[in-house]
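Structure, as structure tokens:
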Amino acid sequence: TVVGFVCLSVTLHLTSRVFFRLTKDTTYRTGNEGTEYGDAERLDCSLIHSVLGERSCIEAGTVIEYCILEEGVSIGRNCLLSNLHVPMNAVIPSNTFIHTVTLLVQHEVLYATCVFGVNDDLKRTLPRSCAFELEFLNLPLTSVLGIGTSECTTDDLWPANGDCNLWTAKLFPACSSRKQSCEAALLTIAAIKENGLFTFLRGFTVLVSMEDVMVLKTGTSMLDFQLGLQSKMLS
2 TVVGFVCLSV TLHLTSRVFF RLTKDTTYRT GNEGTEYGDA ERLDCSLIHS
52 VLGERSCIEA GTVIEYCILE EGVSIGRNCL LSNLHVPMNA VIPSNTFIHT
102 VTLLVQHEVL YATCVFGVND DLKRTLPRSC AFELEFLNLP LTSVLGIGTS
152 ECTTDDLWPA NGDCNLWTAK LFPACSSRKQ SCEAALLTIA AIKENGLFTF
202 LRGFTVLVSM EDVMVLKTGT SMLDFQLGLQ SKMLS
């Protein structure tokens, strides 16, 4: 899929060194006695250098890399998650791609968590006159933004000139911590379900697109996070 290709491209582009230990064909479903990995029932997913909290469930087909998952997290099928700090009791729906990137914005370190449906076409481009027909998390932007009540225009999401696609849409809040950024991504999913995404996004000072992320990314902080998790797994 397009998102799968983008996930691989972003991972390779944002890291100068690759460290991983892959646990194949395993889903982790933790009980009350769960440790860092929890008591696990073997299903079909991969958990790579990640900390899994108690009473958490990861369904089949999901790949998780360099993540901290707090207690009670529920993750659906066929998800791609990386570099996240997922808060307690979070629910991530099936077929979701979520990736946190460290940014340097005017000398300040911020975090943006990008979220898409695994089947979203990030490069599908439309003229501004019909830009809101683009689908985000498998729904048309016309629906998820709440257009008609929020008075959203193309200028609110895209640069003033040029055609529109999901790659250039400013859909992701930049936050002061990795965990806050993930929380914002989860609230984005909730806002989409309630057809109120634009109202939600207006509450943030800095919004970025995938195009912005590729310009503003900084690898040092992300590598520190990944190496810290790797050390924890090997200790």
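Residue numbering for the sequence shown follows our numbering, starting at 2 and increasing by one per position.
Just so you know, even glycine gets a beta-carbon here, dropped at the ideal spot from N, CA and C.
Where does the unbroken beta strand (DSSP E) through residue i begin, and where does it stop?
i: residue 102; result: 97-106
i: residue 85; result: No beta strand (DSSP E) contains residue 85, which DSSP labels as neither H nor E.
i: residue 47; result: 47-49
Pick helix, strand or coil for residue i, following the three-state DSSP scheme.
i: residue 220; result: helix
i: residue 152; result: coil
i: residue 115; result: strand
i: residue 68; result: coil
i: residue 57; result: coil
i: residue 136; result: strand
i: residue 202; result: helix
i: residue 237; result: What the structure shows of the chain is the stretch from 2 to 236, and residue 237 is not part of that stretch, so it cannot be assessed.
Can you tell me the Cβ-Cβ gap for residue i and residue j, rounded? I've got them flagged as a contact below 8 Å.
i: residue 119; j: residue 233; result: Their Cβ separation, rounded to whole angstroms, is 28 Å, which puts residue 119 and residue 233 out of contact at 8 Å.
i: residue 66; j: residue 93; result: No, residue 66 and residue 93 are not in contact; Cβ-Cβ is about 14 Å, not under 8 Å.
With a threshold of 7 Å between beta-carbons, can residue i be considered close to chain C, or not?
i: residue 147; result: In the displayed structure, chain C is absent; only one protein chain is listed.
Any idea which residues DSSP pairs residue i with across the strands?
i: residue 175; result: 113
i: residue 81; result: 64 and 98
Taking 7 Å as the cut-off, decide whether the C-beta atoms of residue i and residue j are in contact.
i: residue 84; j: residue 101; result: yes
i: residue 126; j: residue 156; result: no
i: residue 192; j: residue 174; result: no
Starting from residue i, trace the alpha helix (DSSP H) both ways and give me its first and last residue.
i: residue 169; result: Where residue 169 is concerned, there is no enclosing alpha helix (DSSP H), given that its DSSP letter is neither H nor E.
i: residue 210; result: Unbroken run through residue 210: none, as it is neither H nor E.
i: residue 142; result: 142-145
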